[in-house]
Each structure stands twice: as structure tokens, then as C-alpha cells.
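Enquirer: Before anything else, here's the structure in question.
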Amino acid sequence: MTMNSERSIVGKNFRKVDGVKLVTGRPAFTDDIHLPGMLIGKILPSPRAHARIKNIDASKAKALPGVHAVLTYRDVPRVPHTTAGQAWPEPSPKDTYLLDWKVRFVGDRVAAVAAESRAIAEEALRLIEVEYEDLPPVLEIEQAMAPGAPVIHDEPDSTGIHDAAHNVAGFILKEIGSVERGFREADHIFEREFRTQRQQHCSIEPHITISWLDPDNRLVIRSSTQVPFHARRQVAQILQIPLQRVHVVKPRIGGGFGGKQEMLLEDICGALALATRRPVKIEYTREEEFFMARSRHPQILRMKMGVKRDGTIVASQLTVLATTGAYGSHATTVQGNTGSKVLPLYRVPNMKFECHIVYTTAPVAGAFRGYGCPQGFLAQESLVDEIAHELKMDPIEFRRKNMIRLGDLDELSAELGEGRRGLPRRIRSCGLPECLERGAAAIDWERRRKAGPASNGHLRRGVGVACSMQGSGIAGIDWASALIKLNEDGSFHLLAGASDLGTGADTVLAQIVAETLGVSLDKITVTSGDTDFTPFDVGAYASSTTIISGGAVKKTAEKVRDQIVKLASKMLEVPPEELICRDNQVVAKSECGKAVTMADLAMHATYREKFQIIDSASHFNTDSPPPFCAQFADVEVDTETGEIRVLHLVTAVDCGVPINPRQAEGQVEGAVAQSLGYGFTEEMVLDGQGRMINPSFLDYKILSSKDMPKLTTILVETEEPLGPYGAKSIGEVAINTAAPAVLNAVFHATGVRFRKLPVRPEDVLRALGAKGDACA
Amino acid sequence: MNTIEIGVKINGDSKRWTIAPGDLLLDVLRREGYYGVKRGCESGECGACTVLLDGKAINSCVMFAAQADGCELLTIEGLAQGDTLDPIQEAFLERGAVQCGYCTPGMILSAKAFLAHQPNPTEDEVRDALAGNLCRCTGYLKPVEAVLAAAEACRRSARER
Amino acid sequence: MFDHIQAFHRPRNIQEALRLIQDGGGGGRFLAGGTDLAVQADRSVRFLVDLSKLGLNYIRPSGSGWAIGATTTMAELEKSPAIRALANGILAKAAASCGTVQNRNMATLGGNLVNASPAADTATPLLALDAVVTFTDAQGQRTTALAGFFSGPHRTAAGGALLVEVEVPEPPAGARAGWSFRKLGRTQSDISLVNAAAGLGVGPDNCVQWVRIALGAVAPTPMRAANAEKLLAGRKLEPGVIDEAAAEVAREVRPISDIRASADYRRQMSGVLVKRALQECARQAECAL
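Residue numbers (this note's numbering), protein chains in the order written: chain F, 446 to 1221; chain U, 338 to 498; chain B, 1385 to 1673.
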């Protein structure tokens, strides 16, 4: 293995391999094709939060000229499934149907049409006559389990629901040691409640799928998806056609963030393509995207910690009540993370995590970057900050005292895998101490904390910190494979099942391959995310691409390199162990000067040896090495308006060895923007009937370039033995604690804590008024 | 269905298009093959559909195509000269300002219109110019740095000429 | 998507534009920038009358004030040297705060006023400046104070007439004067949850000789804070007096709660924004507080 300093491609800021295509606007996204005869598909969303369909009459819609198909529950197979993009057997409840005779949230599918134009499709939707039998909605999390609450999933054929009669989609209870004993030993006990809201991914490209039958009558699905292989399996299952007959293609994706770790439109689009025998496109409008896609699970978290007076945490207990909305996609796994990735950040001998995930007749929650961690770290990092303050300890010192260390074994992970018993986690790389040190320096922590909160008229300044960890792939479950073949000009084709959703995965994988083969980056052509042509990959989620897909491409490249070296050995008459691949050549290590270019070798292999140099490999890990992150905020609070202005947000992150540092920074910076939106501006608001009242960018505010603070990103390098070239992951971790760091800074500035997101200026003003500090 | 004819000059080419009176410019552009113009919100909020109309950045999703009759349009497809990228495109690549790339054409065009009138901008001015291009991937830092770098590159080559 | 729109007209003169709407049986709409019309799903719209060739895009002197054509864009207002110089640029600043660059390049002053959102950013400084609006229909032209133009949220006195011009009279004379415009939003490019424009002039004794206070997004229409203005008239400009005026403003406004803010918060912020606006005016007027 080459040492860090000897690497020429890994660890360098190469331009993205798909960059030119993107900056020149070449047709690369799902919608950027023209298919003659393509029909427009549209879904009729339910206007009711909870109702049975007593009667549905599509005759007028079918009779409208230009309409080619109208599907209701009577026209399609009834196959219970989950839409969650997860490895089989999916841990999420199988409680969803292609089309159903019951609707469970405003936006649920009632019917689907395919017509010759968008206008005709929309007109057709208006002509479908539906008679609903209204049922009482269930909108408050706390009401879902109450005795007498309406049962949302009363159908007999759904499976995997923990307790349907009480609307409990999932239940988790795990304990390490005994918290009861731990709390008895504690000198101080702190307990607080936190509440988080529904946040939407807001990928700038909404969900879109185009489906058609190819000349071999195979169903092609071209879709903006993070999980092409899961989508293939699920579509085959739901439409009851052989998996062999389904071909899923993932073009460039305009953002996903977990919202596209879901089989959302592929099934209904495929059904319309089969029914019409024409290409069909379903493309969500932004409005539909807001309430008919997925969102982050809202949670009520009760966190309790027991500490000794010297600051040692002896017990920590997290009790969560979450809602998954109307269907259980990712219900137990997201919430499982809230426990398994959050509590073990601190070395506490007694930990308990208990969680109910309930159904409500509300938009469906699913995977969203962070996957349960933003909620959990809000609670933990706020509570830890409060404890440090009460004990008169510096927040960093408190964390240093308790935080997980290199060599530690995290046993809670063993208790909470993806739907089954997981695997214990050993910390083999940990840059958290350095993250804290360098981040603190960047925000001038010591001086600012020593000086105390600064005041200037009605403005208050403060600094705060929050830490987190995540995972890198799901241990024992996430896996990937790749195939590499040598072309006769010395270039290579990398076929990877992995999904680049804009994260730069293709580039990172190509860099790993190029480094391993000793060739320049431009010699690698990448094809990814095509179920016919690329080998299997679970898809892009759980921060798995660099470590798992990267592990697979590295293994594959090593096998290909072995074939190359074997042939070169024959050509050069040098033993294989004396040969090294570098600079697009195979070179003898000794001074004998013998070498062959990769191009010459390839030509020789192709036309003289008549042998295709090609290989493939698969990879998974039995552990999930966490990236670590410390975020620091410098804020200014206007005590007259309640506005929080973040002046500076520092992120220090240990992602192992960053394969492409600049792209890694970009991941951090985008995650910070989403975290700040989560903390302060974003919320899906439902009215009393369960309708989302703000399904537009006008009313659901994500941050723009003018709203961002100064950002500093510090990559702390460690070498992770389980990762290719020492890499871990960076896709999610930075979304966990930007908002909590800001809230801790707000406490420093004003002495007021906030435990309910989003924190709006009027919430700040009200709290300051209650405290007697508001100037208004 | 009534149709009308409009004439535009797009990326230097004169075109005549037959459209419906209620057609939006975004729909017509994509129908005519300008796939670099993206659909993100259809309400003039996200800027993914940004094109330049007579040199000004506008949201093509909230403009009727008929309003563009007689005007000059610039889409992302018209920016590069053959294989030679515009300095803004180069800067976006060099600075890692492109992630998923969906907001990128709109953002680059906003920057193009802005730098034409403000060749020596401050960071705040750049942020203001890009405020109508929402991005969920980058956090805006690298795009802002890219625009500043492109401005510097243009000033440098102007000095050298 | 807009298949209900059957025709697009681009008349060359105002009479033709009026005739097209009049003869349209209610199915026609005047089209200025289009940024509001193109988002509405109003299926009763049958045809559009584009105003861009009517010569209504201008900013020119009028008497001792300025006349602004109705199809002048927000971007043009933002950049016009005359508008930037007028009343310390409060109208330019308000125009610059309307949405994003792309919105401002198409959205027009006339469209903003006729849309009559209670939060319309340009309405607030125009009210403070005692602007008048001129509209024209088959019966001829008439001019009315902007104050009487708004009749409710998204309702104006225009009826079927075409708004053609906004005239801003010259602000009151006097060396020691100041103007300020401020707004609050959830994010930087947001629609205002409160906006305020203020102007005042003081005499050598620092007594208020004239004062204008206008607010948006805190009542069914943009409004003048008449009680607060009366309270300030003739008083010596001091922090305590400004606080009194701010408190009076908070009593005068009639805000609602919506997705952007609660009524309570709007009420409180009316006072805060006006206070800060008056402080800024005082600074410009070189009136030490």
C-alpha cells in the first residue's frame, strides 16, 4: 500500500469527472431526453388525511381524448411492500400498496393517469370522481397511541408493524448496563425534553421517473434514484414481473439527501408504462414534492443524563416518540440511529434507548441525511452543554472527559443494527480530539469564553460548540461490487453499481481506481448505477459510497492490476514482484530500466494474447467506522428583534483520509446550510386537516447565498484501516450539529436555551422576554 | 388550439418558434432541446430555470414565451465557445463549486450577467447576485469563490490585452 | 399548463390595450412582468395583454418630483440614479429588496402595486412620500393618492382601468431631513413580515417640522401611522419621544398571524422597525439623540 505522501491521485483535488458535462448543461439528467410518443403521468393525491374510498369512477377521465390509462386500486396487484430503499429483507414495515382503497394522508395516492400532455393529464385528474368515507385524522404524535385513536393501518395483509391496533409502526428498547443503577450513583441528574419538526430535502431536482418497454419488452425505468438495485427488486415485486425483465438506469441526479433513497415513483410509472405500452414520465411539481415525497421524522426526545460532580457521565437515557407519518418507510432504522449513533459518542457504562415510532395521518417520513442523528444530537449536545454550564466546566473539557476514544468498543451498535442485531463497533481511527482543538482555535474559543458573552447595545455575542459522529456504511449489510476492464488504448472502464447523486462518487471511485492501477485519472471512464451493466451496489446511503463502493473498486483494481502485472512480467521477462504500476506504465523497480506502457500492454493483450484483462470484486465491512465532527458557532443575537445572526460556523471533521479534499469540503458546507435551515427557518406546517400549508419555496424557506455565515472547514486526517486508502465518510456527519452549536452559542450570548426546532426570532424574543432581557 | 409565432435570437442563432399563447418560456426552451435550462419550482423562486434575456437574468418559468418575442436569449448551451469554456465555467470546475450540477447552469448565467456590469465585485455583491439561485448541495461558499475567481481572471486578461 | 390562455396581444398604444380588455368579457389580464400572473393557476384567464410596448417604462422629472411609468422594473428603480438620490434612496432600497435579481429584472412597479399585497415593499416608501397614481380607462385618465388606492388585501380601486404612472412629489424642503426604509423577513430574500419607511425634517431646535411613517405587512393594506405622526409633530426629537412614537405605532397596526410571523411579533416589530428608522432619520438630519 502506498503511503500518504507517495500518493498522486488519492488525496488530491481533481476536478469532477462529470464536471464539464454539468457546467455546460449537457443533457444528463432524467428529464433530458426526448422519447417519441411519451405520455405524461400524474398521480391524483388524496385531499383527505384519513378516508376509505367508497367509490371511484374513472369513466369520464378515461373517455377524455388523449387519456391512455387511468389506474385505481382495482387495476393493479395488491402487494404489501415498503418504499424504503433498503437491502432485502427490508426492516421497514410492509404497509404500502401501489394503489389502495384507503388513503392515510393528504397527498396519498388515489389514482394515476397517463395522457398525451400535462394539461390533459391534469384535466383527467379533475374528472376522476371519488366518494370518500371520512375517518378521523390522527395528527398529533401524542394522540396516535391514545386509547380509542383511529387505527391507520387496519388492513390485515400488512406485515412488520409492531402494533397496528395502537398505530405503533415500530418499537425499540435497548439497554447497556443499568441506567437505574447509574442514576443512583450520579451526583446530579439532568432531564430535558426536545422537539423537532418535519424538514424536507428540497433537492432542486424534484422526483422524476420515466418508464418504457424496450424492444425486448423489458421494462426500462430511468429515474432520479439513489437506489437503482433496490428499486429494480421492489418494482418487480410490486408489478409482479420477473426481476430479470426490469432495467433501472440512474442518470445524473439533481440532489437526493436521502429523499431518493426511496422507491417513490418507479412502481406507478412502470405500471402506467405497462398499461399503455408507451413511454410514461411522472415528474413531481415542487408542490407535490413537498407533501407527496418524504421528509425527516419529527421527534419528541426526552434525554436524561446522570453525572458525577467531576463531570463523568454515569448514565444516559434517551426516550423518543417519533412519527413516521402515514407509512413506515425507514421507521425503525432512522430512529434506531437516534440511539445507536448518538449515545455512544460519550463513554457511558449505562445507556438506555427506548423509542416508539407511531403512525399519523401526515406526510410520510423517510431517509434524510443524518438519518435520526440530527434529532438525537440536538438533544444530547444541548443537554451536555447545559450540564457543563451547571458544573462550571468548559464545554470542550466536559466533552474531552467523556468522549469516545481510539480503541473503544461501542456496544450499543451491537444492539441496534438495521432491523436486526447489529455488530459491535470498534473505534480504529478517531480525530475528535484534534477536531476540537483545531476548531476551537479557528473560532478563538478560549478568549471568547474567558471574556464571556459580549454586549453592544441590544446585540449579544457568544460562541458554542457541539460534536457528533455518524457511521460509514451499515455494518454487515451494505455491500458493493465493481467491474473494471482494460481497453486496448490503456484506458479503463469502471462499471460500478454505486449511485453518484451529485456527491462526486464517480470522481472519488475513479480516483481510487487510478491510484491503485498507477494510471492518470483521465484514463478512467466511469459508468455507474445501471442495473443491466453495472454490478450490484446497495446504493448511496448511510455514508457508504466512499468506504464500501470505494472498497469494492479498490479490490477490483487490485485484481486487475494483478492481471496486468502478470502479463507485463511475461512481456518484460521480469518477475511480477519486481514490477510496479505507475505513471500509466508497468515499471521494473530495479534500475534495469525495463518498462511497458499501459497502452502497449493493452494492445498486446487484445491482439496478441487475445485476452481481455477484466475483473470484478465485492466488498462489505463488518464494522462502520464513524467520522467525527466538532462544530463551532459565533453568533450575534439581536435582543430587540430576536434575530440570530450566525457570524462564523467552523466545522472540523475527521473523515479518515479525504479522497478528494475539495469535494469533501463541499459536502460539509452544504450540510451546514441544511442544518442551519433545520435549526432556524425550515418547517413543513400542517393545518388541522393534515394539509401542508406551505408547499413552496415562497413559504418553506431554505437558505440562499445571502443567508449563509462565514464558513471554515477543517479536514482532520486520520487513517482508517477499514477504508480504502484510510477513508471513512463525510456525506452526513456535518449536518448533525451546526444548529446545536448555534443554540449553544445563543445560550452563551443570552443565557436562554431552546429545545424546540425551528427556533424563530419570535421564539427568541418570547424567551428573552420571559427571562426579562428583551429590549422591545 | 391557437398558436402564435415568435422570433428570438438564442445563443447567437435566429429562430422562429410556433408556440401556444400560454406557453411558458421554460417549457418552450426545453421542448426546443435546451436541456440545460432546468425545472425546479415553476414559481420563480429557485432560479434553476435562469436564462439571460437581453443580458438580464430572468426566471424562464414565470415568463410567457411570447414575452420573449424579438429578444436575445442566452442559455448555458451558448456560453462555451466550442471546447473553450467561459471563465466562469472554468472557475466553477476549478473551485469545486459543482456538486449535483442541477442549479449550476442558472447560477453560472446569473454570474455572467452580474460580472458584465460589475467586473470588480465584493463578496457581498456576489452573494446578492446569486441569491436567486437556490442550491441545496454546496452551501454557496465555493460558487461564490468561483465567481470572485472568475472576475479576477477576467480582470487579469483584460489587463494583459 | 396554461392551455386556458388562448391569445397573447402586444398592443402598441394604451387605447388598444384598454379596448382589448374591455371587449374580452372578463377573460383578459394586463401583463406587465408576468412574475405574478405566471404563477397563478387562474383558469378564468383567457387572454393576455402585454404592456411592454406601451411606452410606460420611464423615470423622468415631473414638476419638482419624479414620474415613474408603470412598467418600470424593480431593477430599473434599484439602479436609477434619480431614484437612489430621492429621499435617501428609500424607494430604490425597497425595490432592491423585492425578491431576487431574476424577479426584479421582470417585476414592475405597476404590477407590484396592482397586485396589492399588504407586504408590497415599494408601496411603503411610496406612501411615506405621498405618491399619487394615475390610471386610465375608456372614461379617461384620473389620478388619486396612493393612500386611497389600496382597498384591501390584493384589492385596489383600479377596477378594469390600467395603472399608467406613479408620481412621487418632491420631498419637503429642508436641510435637516432624513429618510429610512427597513424590512424584516425570515430569510434575506423573503417577502416582508414587516416593513417600514420613515422620513422627518427637524428645525434648528431639533423639533420635528414634518414626519411620515408608513408600514407594510401589518394591516390589510400598506398604511400610514397617522397617530404616531401626530404624536411627533412639533416635538423635540429625543430617544424618549421616539420610543413613544414606536409604542403608538405598535398600537395602530392591525397585523394577522400567518406562515411568516404571528400577529404579536409583527406588532412588536412594527415598533422596533419604526424606532430604528426614526433613529436613522435623526442621524441623517444631524440631530443628536
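Glycine is no exception: its CB is placed at the ideal position from the N, C-alpha and C atoms.
So, is S1428 (chain B) buried or exposed, given that buried needs 16 or more other C-beta atoms within 10 angstroms?
Expert: Taking the third sequence and counting its residues from 1, one reaches residue 1428 (chain B) at position 44. The residue in question, S1428 (chain B), is exposed, as its Cβ has fewer than 16 Cβ neighbours within 10 Å.
Enquirer: For a contact meaning CB atoms closer than 8 Å, what does D1387 (chain B) contact in chain U?
Expert: Indexing the third sequence from 1 puts residue 1387 (chain B) at position 3. Those are M338, A357 and G359, listed as they occur along chain U.
Enquirer: Mind checking who G1600 (chain B) pairs with in its DSSP beta bridge?
Expert: By 1-based counting over the third sequence, the position of residue 1600 (chain B) is 216. Looking at the DSSP assignment, G1600 (chain B) forms a beta bridge with B:N1579.
Enquirer: If we ignore side chains and look at the alpha-carbon of each, how far apart do G1133 (chain F) and R1608 (chain B) end up?
Expert: Numbered from its first residue, the first sequence carries residue 1133 (chain F) at position 688. Numbered from its first residue, the third sequence carries residue 1608 (chain B) at position 224. Rounded to the nearest angstrom, the two C-alpha atoms are 35 Å apart.
Enquirer: If you draw a straight line from the C-alpha of A589 (chain F) to the C-alpha of P582 (chain F), how long is it?
Expert: Numbered from 1 along the first sequence, position 144 holds the residue referred to as residue 589 (chain F). Numbered from 1 along the first sequence, position 137 holds the residue referred to as residue 582 (chain F). Rounded to the nearest angstrom, the two C-alpha atoms are 10 Å apart.
Enquirer: Quick one: Cα of N1487 (chain B) to Cα of G593 (chain F), how far?
Expert: Here residue 1487 (chain B) is taken as the residue at index 103 of the third sequence, counted from 1. Here residue 593 (chain F) is taken as the residue at index 148 of the first sequence, counted from 1. Rounded to whole angstroms, N1487 (chain B) to G593 (chain F) spans 51 Å at the Cα level.
Enquirer: If you measure between the beta carbons of T721 (chain F) and A556 (chain F), is that distance less than 9 Å?
Expert: Your numbering for residue 721 (chain F) matches position 276 in the first sequence. Your numbering for residue 556 (chain F) matches position 111 in the first sequence. No, Cβ-Cβ distance for T721 (chain F) and A556 (chain F) is not below 9 Å.
Enquirer: Taking R637 (chain F) as the reference, give the member of F:A532, F:L928 and F:D830 with the closest Cα.
Expert: Residue 637 (chain F) sits at position 192 when you count from the first residue of the first sequence. Out of F:A532, F:L928 and F:D830, F:D830 has the C-alpha closest to the C-alpha of R637 (chain F).
Enquirer: Go ahead and pull the three-state DSSP assignment for G456 (chain F).
Expert: As a position in the first sequence, residue 456 (chain F) is number 11, starting the count at 1. Coil, per DSSP.
Enquirer: How about S1120 (chain F): is its C-beta nearer than 9 Å to some C-beta of chain B?
Expert: Here residue 1120 (chain F) corresponds to residue number 675 of the first sequence, with the count starting at 1. It does not; no Cβ of chain B falls within 9 Å.
Enquirer: Does I1147 (chain F) come within less than 9 Å of chain U when only Cβ atoms are used?
Expert: Translated into positions along the first sequence, residue 1147 (chain F) becomes position 702. Output row for I1147 (chain F): interface = yes.
Enquirer: When DSSP labels each residue in this structure, what does W1594 (chain B) get in the three-state scheme?
Expert: Residue mapping note: residue 1594 (chain B) aligns to position 210 of the third sequence, counting from 1. Looking at W1594 (chain B) - three-state DSSP - the assignment turns out to be strand.
Enquirer: In chain order, what residues of the same chain lie with their CB nearer than 7 Å to the CB of G511 (chain F), ignoring the 5 residues before and after it?
Expert: Within the first sequence, the letter at position 66 stands for residue 511 (chain F). The answer, listed in chain order, is A560, E561, S562 and I565.
Enquirer: Could you check what DSSP says for P601 (chain F) in three-state terms: helix, strand or coil?
Expert: Position 156 of the first sequence, counted from the start, is the residue given in the question as residue 601 (chain F). In the structure shown, P601 (chain F) sits in coil (DSSP, three-state: anything other than H, G, I, E or B).
Enquirer: Mapping DSSP to helix, strand and coil, what is F702 (chain F)?
Expert: The residue you call residue 702 (chain F) lines up with position 257 of the first sequence. Of the three classes helix, strand and coil, the one that applies to F702 (chain F) here is coil, per DSSP.
Enquirer: So, under 8 Å CB-CB, L363 (chain U) and C386 (chain U) are touching, yes? Tell me the CB distance rounded to an integer number of Å.
Expert: As a working note, residue 363 (chain U) is residue 26 in the second sequence. As a working note, residue 386 (chain U) is residue 49 in the second sequence. Correct: roughly 5 Å between the Cβ atoms.
Enquirer: Look at the Cβ atom of V1191 (chain F), then the Cβ atom of V1082 (chain F), and state whether they are nearer than 9 Å.
Expert: Sequence index remark: in the first sequence, residue 1191 (chain F) carries index 746 (1-based). Sequence index remark: in the first sequence, residue 1082 (chain F) carries index 637 (1-based). Closer than 9 Å, so yes.
Enquirer: At a Cβ threshold of 9 Å, is A1454 (chain B) touching chain U?
Expert: Here residue 1454 (chain B) refers to the residue found at position 70 of the third sequence. Chain U contact via Cβ: absent.
Enquirer: Tell me which same chain residues have a C-beta within less than 6 Å of the C-beta of A1598 (chain B), skipping the five on either side of it?
Expert: Taking the third sequence and counting its residues from 1, one reaches residue 1598 (chain B) at position 214. Closer than 6 Å at the Cβ level, and outside the excluded window around A1598 (chain B), lie T1508, L1511, A1512, A1581 and R1608.
Enquirer: In three-state terms, what does DSSP make of N901 (chain F)?
Expert: As a working mapping, residue 901 (chain F) is identified with position 456 in the first sequence. Of the three classes helix, strand and coil, the one that applies to N901 (chain F) here is strand, per DSSP.
Enquirer: Looking at the C-beta of T475 (chain U), does it have a partner C-beta in chain B at a distance below 9 Å?
Expert: Here residue 475 (chain U) refers to the residue found at position 138 when the second sequence is read from its first residue. Taking Cβ atoms only, chain B never reaches closer than 9 Å to T475 (chain U), which makes this a no.
Enquirer: Do you know whose CA, among B:G1447, B:R1394, B:S1436 and B:D1387, lies nearest I1552 (chain B)'s CA?
Expert: Position 168 of the third sequence, counted from the start, is the residue given in the question as residue 1552 (chain B). In the sequence on display, residue 1552 (chain B) carries Val and not Ile. Comparing Cα positions, the closest option is B:G1447.
Enquirer: Determine the DSSP secondary structure at H1193 (chain F), reduced to helix, strand or coil.
Expert: On the first sequence, residue 1193 (chain F) is found 748 positions in, with the first residue counted as 1. It is helical.
Enquirer: Residues of the stretch 393-418 of chain U in Cβ contact with chain B at a cutoff of 7 Å, in chain order, please.
Expert: Per Cβ criterion, the list reads K393, A394, I395, N396, V399, M400, F401, A403 and Q404.
Enquirer: Any beta carbon of chain F sitting closer than 9 Å to that of N348 (chain U)?
Expert: Numbered from 1 along the second sequence, position 11 holds the residue referred to as residue 348 (chain U). No, because no Cβ of chain F sits closer than 9 Å to the Cβ of N348 (chain U).
Enquirer: Taking Cβ-Cβ distances shorter than 7 Å, what residues in chain B pair up with D1152 (chain F)?
Expert: As a working note, residue 1152 (chain F) is residue 707 in the first sequence. What D1152 (chain F) touches in chain B: T1571 and Q1572.
Enquirer: Just the chain F side, please: which residues come within less than 8 Å of S1646 (chain B) by C-beta, in chain order?
Expert: As a first step, residue 1646 (chain B) must be located in the third sequence, where it is residue number 262. Result: E1207.
Enquirer: Run down chain B in chain order and give the residues with a C-beta less than 7 Å from the C-beta of E1085 (chain F).
Expert: Numbered from its first residue, the first sequence carries residue 1085 (chain F) at position 640. Under the 7 Å cutoff, chain B gives V1656.
Enquirer: By the DSSP assignment, the beta strand (DSSP E) with A1033 (chain F) in it spans what residues?
Expert: Residue mapping note: residue 1033 (chain F) aligns to position 588 of the first sequence, counting from 1. Segment Q1030 to A1033, the beta strand (DSSP E) holding A1033 (chain F).
Enquirer: Checking 9 Å against the spacing of the C-beta atoms, do I745 (chain F) and F639 (chain F) come in under that value?
Expert: Counted from its first residue, the first sequence places residue 745 (chain F) at position 300. Counted from its first residue, the first sequence places residue 639 (chain F) at position 194. Contact: yes.
Enquirer: In three-state terms, what does DSSP make of C398 (chain U)?
Expert: Looking up residue 398 (chain U) in the second sequence gives position 61. The answer is helix: DSSP assigns C398 (chain U) an H, G or I state.
Enquirer: Using 8 Å as the cut-off, can you tell me whether the stretch 1069-1086 of chain F makes contact with the stretch 1634-1646 of chain B, which would need three or more C-beta pairs spanning the two stretches below that distance?
Expert: Contact fails: fewer than three Cβ-Cβ distances are below 8 Å.
Enquirer: Once DSSP output is grouped into helix, strand and coil, what is the label at S380 (chain U)?
Expert: Start at 1 with the first residue of the second sequence, and residue 380 (chain U) comes out as number 43. Coil at S380 (chain U), not helix or strand.
Enquirer: Assign S537 (chain F) to buried or exposed, taking buried as 16 or more other Cβ atoms, counted over all protein chains shown, within 10 Å of its Cβ.
Expert: As a position in the first sequence, residue 537 (chain F) is number 92, starting the count at 1. Label assigned to S537 (chain F): buried.
Enquirer: Under 9 Å between the Cβ atoms of T976 (chain F) and V694 (chain F)?
Expert: For the purposes of this step, residue 976 (chain F) is identified with residue 531 of the first sequence, where counting begins at 1. For the purposes of this step, residue 694 (chain F) is identified with residue 249 of the first sequence, where counting begins at 1. Contact: yes.
Enquirer: Would you mind working out which of F:L1156, F:M1137 and F:I1175 sits nearest V1102 (chain F), comparing C-alpha positions?
Expert: On the first sequence, position 657 is the one that residue 1102 (chain F) refers to. That would be F:I1175, whose Cα lies nearest to the Cα of V1102 (chain F).
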